[in-house]
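J.: My questions will all concern the structure given below.
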Amino acid sequence: MLTALLLPGLFIVMMAQGAALQPRHLWEWRDDWPAISLAFLLRLIVVPVVVLLLAKPLIRYWDIDVFAGAGLVIAFLAPPSVAAMALVAISGGVLPLLATLIIGGTVISVLLWPVLGGPLMNMADAPWLWTDVLLWVVMPVLLGMFLRGKGYAVTRFLPILASVVTGATIIAALYLGWDDDSLSILLATTILLFVVLILTILAGRLIRLGGDALLTLCLTVLIPVVVMPIALGTRTEIPQMGFASACYGIIGYVLAFVLIVLRQRSRA
0 MLTALLLPGL FIVMMAQGAA LQPRHLWEWR DDWPAISLAF LLRLIVVPVV VLLLAKPLIR
60 YWDIDVFAGA GLVIAFLAPP SVAAMALVAI SGGVLPLLAT LIIGGTVISV LLWPVLGGPL
120 MNMADAPWLW TDVLLWVVMP VLLGMFLRGK GYAVTRFLPI LASVVTGATI IAALYLGWDD
180 DSLSILLATT ILLFVVLILT ILAGRLIRLG GDALLTLCLT VLIPVVVMPI ALGTRTEIPQ
240 MGFASACYGI IGYVLAFVLI VLRQRSRA
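Sequential numbering of the sequence shown, starting at 0, is according to numbering that gives the first Met the number 0.
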């Protein structure tokens, strides 16, 4: 029942994701290849490894339930959200770079979900793992791109609808997933997100990314499509699976606004 309610919402959010992107974004990154390379390295290898290594001791320390602990890890498999575009626009970030990172991050999330998501949910052999990402993630993204390319008016309302769905999904995940482990999960999510953000900043400084490019890269970490791990994670019909993702969605926005303020002050 829970999955039946959340998956259509995921379809809407991913369709809005596709409608905000265009195929031309794939080749608009020529001047930002260091940021692109770093982002893909972080998302494909570094972040999954770091989260898996750090989540285990946190789960043990706070004695977090196994499914809630799995939800903590899959929260970091979500792709970057086009919702970050508004923040990049007002903060002076690099929009073409963001669009490319969103497309690449979505592809990586599609590949990682069946590989990591299934085993974490104790459903590694479930036949619907690949079907889920194709039906509820890939297809709506392509449909959104198609509708935008054809100029259909419905695409104008998708961002608003997606925002409403995302907010409702986060509230539902917090309410339904609240239990004795919730505060521990909140703390663990915060710790992991801080670690990932610090690693991103340090790596960006190491390769000498410009301030705007680094801010854009950080926003792709802080503003993910949290509806994806919430909806796909609750395939288990265990609400606690989506609690960490809901926490991620809130904490990520708070940190994003902090970074934007700091960036604006550095320009002053």
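Note that beta-carbon positions come from the ideal geometry of N, C-alpha and C, so glycine has one too.
(1) According to the neighbour-count rule (16 or more other Cβ atoms, all chains shown, within 10 Å of its Cβ), is S108 buried or exposed?
(2) Residues in the same chain with beta-carbon distance under 8 Å from L173, minus the five sequence neighbours each way, listed in chain order, please.
(3) Secondary structure at P95, three-state DSSP: helix, strand or coil?
(4) How many angstroms separate the CA atom of L100 from the CA atom of E236?
(5) So for P78, helix, strand or coil by DSSP?
(6) May I ask you to list the residues that DSSP assigns as paired with P228?
(7) Is P78 closer than 8 Å to G104 when the C-beta atoms are compared?
(8) For P33, tell me which candidate among L205, T188, L53, M227 has the shortest Cα-Cα distance.
(9) Measuring CB to CB, does V220 end up less than 8 Å from V195?
(10) Quick check: the Cα distance between G143 and Y60, rounded to an integer number of angstroms?
(11) Pick out the complete alpha helix (DSSP H) segments inside the segment 132-186, 4 residues or longer, and give them in chain order.
(12) Taking 8 Å as the cut-off, decide whether the C-beta atoms of F66 and M240 are in contact.
(13) Counting only the same chain and skipping the five closest in sequence on each side, list residues whose C-beta sits under 7 Å from that of L258.
(14) Cα separation between L110 and R266?
T.: Let's see:
(1) buried
(2) F242, A245, C246
(3) helix
(4) 31 Å
(5) coil
(6) Bridge partners of P228: none, in fact.
(7) yes
(8) L205
(9) yes
(10) 43 Å
(11) 138-149, 157-176
(12) yes
(13) L214, C217
(14) 38 Å
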